[in-house]
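The next block holds one structure in the form of structure tokens; read it before the comments.
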Amino acid sequence: MVISDDKTFRDIQKEFNSKFPYLKLEFYSSRHSEGEGSPVQERIDPEQLLKTARKIHNEGNLQVRSNLKVSTLEQMFHDKFGLNVQVFRKSGNLWMQTTSTDHWTLAEQNR
């Protein structure tokens, strides 16, 4: 997954969701602690460009593999690209933050 300032948050969400159809990414203005959720009022509009909401403007490729733990992926987004992200898992018709299962891999979450 290529991360660059000229992409929108929706671009990143679509690319991720195409690989993991039962998961989605939401981006937030502030970071959450491991095991905690992110408040909905801090969610970033997915139509915004990445450059508008981050302080670290590194560009590059983020290798998103199915054996990555959710907490590792979220940490990589933050450390490499200055993006605060939360993974959600589809449960029935609801999207749930993966706060209590951040130690699961993306493959385990995507079932």
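Residue numbers (this note's numbering): 1 to 111.
Positions of the beta carbon are idealized from the N, C-alpha and C atoms, including for glycine.
Since we're looking at a predicted model, the values are computed, not measured.
Helix, strand or coil for residue i? Go by DSSP, reduced to three states.
i	result
Lys90	strand
Asn67	coil
Arg10	helix
Glu26	strand
Thr52	helix
Met96	strand
Asn17	helix
Given that a residue counts as buried once 16 or more other Cβ atoms are within 10 Å of its Cβ, and exposed if not, what is residue i?
i	result
Ser38	buried
Ile3	buried
How about residue i and residue j: are their beta carbons less than 8 Å apart?
i	j	result
Pro46	Gln13	yes
Thr98	Gln48	no
Ser29	Ile44	yes
Met1	Phe20	no
Thr105	Leu68	yes
Comparing alpha-carbon positions, which option in the options lies nearest residue i?
i	options	result
Leu94	Leu73, Leu83, Gln41 and Tyr22	Tyr22
Sort out for me which residues DSSP pairs residue i with in a bridge.
i	result
Val85	Phe27
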